[in-house]
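**Student:**
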Amino acid sequence: MALVTGASRGIGEETAVALARDGFDVALAARGAAALEQVAARCAEHGARTAVLPTDVTDEAAVRGMVAATVDRLGGLAVLVNNAGGTNFTAPLVDTRAEGFEKVLRLNLVHVFWALQEAGRVMGAAGGGSVVNVASVAGLGAVPGNVSYATAKAAVLSLTRTAAMEWGPLGVRVNAVAPGWVKTELNRFLWEDAEAERQTVAVSALQRWGRVEEIAEVIAFLAGPRASYITGHTLVVDGGQTLLP
Ligand SMILES: NC(=O)c1ccc[n+]([C@@H]2O[C@H](COP(=O)([O-])OP(=O)(O)OC[C@H]3O[C@@H](n4cnc5c(N)ncnc54)[C@H](OP(=O)(O)O)[C@@H]3O)[C@@H](O)[C@H]2O)c1
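Residues 137 to 381 (the numbering used here) are what the sequence shown spells out, left to right.
Have a look at this one:
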């Protein structure tokens, strides 16, 4: 039984399908119920049982209820992928309003904390489990113009390490993936603009966008038994974007 947040499109959708292919029943969470139903149909093609859980992850009660609903509908929780997130504004640090900063943290960081608390209890009691947090290379370095997102993603990596230490003795692994530029709705404003797109892909060694499947495969690997001795790790999947000093 796996729960994927932000499963209605992009990296989360492909991750849900990859986990279904790997034999997991899948609970799908995001705000858009209609899109989740379509992803559920893709998962069902692999024989997975599915649970569609329309959820706004900025709502604490909804996030806690989402984990409980997964256990209720699918009979347990072996894998949690905290993938929902993103940002839709940029501003220099001094112009970033505190309210906006907190909003980005709530979407990208605080909900991960809520979901981890709920999942940790369930997985600990069940004797094991696996969590993958989707962070970003933005959390590894500096991101001028996007201090909120960079701070949130850096903190997700820290949460990952502490949870891994606390839950290792319980058989619960916690890892993170840090994608570079991946072509999704999140950055449509870049790939619809030829010059912005050229500059974006130029920063990676591979000189192209990452594909959602390329991130989903890594998440599914970390989530499943092939990664049974990996915990507290951040796996960078960025086509070489962060190679230069
Ligand atoms: N694309 C990249 O270049 C890139 C790079 C590094 C890291 N990432 C990270 O990868 C993750 C997935 O990004 P993506 O590129 O796949 O973005 P995307 O295509 O925009 O998908 C975002 C997903 O999150 C869901 N979501 C957004 N706000 C939500 C909310 N308040 N409550 C519940 N669900 C919500 C969306 O569904 P609804 O709108 O239906 O709620 C959607 O399913 C994010 O954490 C992002 O920060 C992306």
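We put the beta carbon where it would ideally sit given N, CA and C, even for glycine. Given the structure is predicted, the values throughout are model-derived calculations rather than measurements.
Going by DSSP, what residue range makes up the alpha helix (DSSP H) through G256?
**Tutor:** That run of the alpha helix (DSSP H) goes 247 to 262.
**Student:** Please find out if some non-hydrogen atom of ligand 1 comes closer than 8 Å to the beta-carbon of T141.
**Tutor:** Correct: T141 has its Cβ closer than 8 Å to ligand 1.
**Student:** The alpha helix (DSSP H) with L210 in it runs from where to where?
**Tutor:** Residues 196 to 210.
**Student:** Pick out whichever of N269, T141, A262, G275 has its Cα sitting closest to the Cα of L172.
**Tutor:** Closest by alpha carbon: T141.
**Student:** Starting from N282, follow its DSSP beta bridges and name the residues at the other end.
**Tutor:** Answer by DSSP bridge pairing, in chain order: A227.
**Student:** Would you give the residue range spanned by the alpha helix (DSSP H) that G236 belongs to?
**Tutor:** G236 -> alpha helix (DSSP H) spans 234 to 241.
**Student:** Report yes if the C-beta of R344 is less than 8 Å from at least one heavy atom of ligand 1; otherwise report no.
**Tutor:** Not so, every heavy atom of ligand 1 lies at least 8 Å from the Cβ.
**Student:** Could you check what DSSP says for N219 in three-state terms: helix, strand or coil?
**Tutor:** Residue state, collapsed to three classes: coil.
**Student:** Among D231, A205, A359, A330, which has the Cα closest to the Cα of V270?
**Tutor:** The shortest Cα separation from V270 among D231, A205, A359, A330 belongs to A359.
**Student:** On the DSSP bridge list, what partners appear for A370?
**Tutor:** The sequence shown places Thr at residue 370, not Ala. Its beta-bridge partners are A312.
**Student:** Between A314 and G211, what straight-line distance do the alpha-carbon atoms span, to the nearest angstrom?
**Tutor:** When rounded, the distance between both Cα atoms is 30 Å.
**Student:** Ignore the nearest five residues each way along the sequence and tell me which others in A312's own chain have a CB closer than 8 Å to its CB.
**Tutor:** For A312, where only same-chain residues beyond five positions count, the Cβ hits under 8 Å are V268, N269, V270, A271, V292, L293, T296, H369, T370, L371.
**Student:** For ligand 1, I want to know if V354 counts as a neighbour, meaning its beta carbon is within less than 8 Å of at least one of the ligand's heavy atoms.
**Tutor:** Outside the cutoff, so no.
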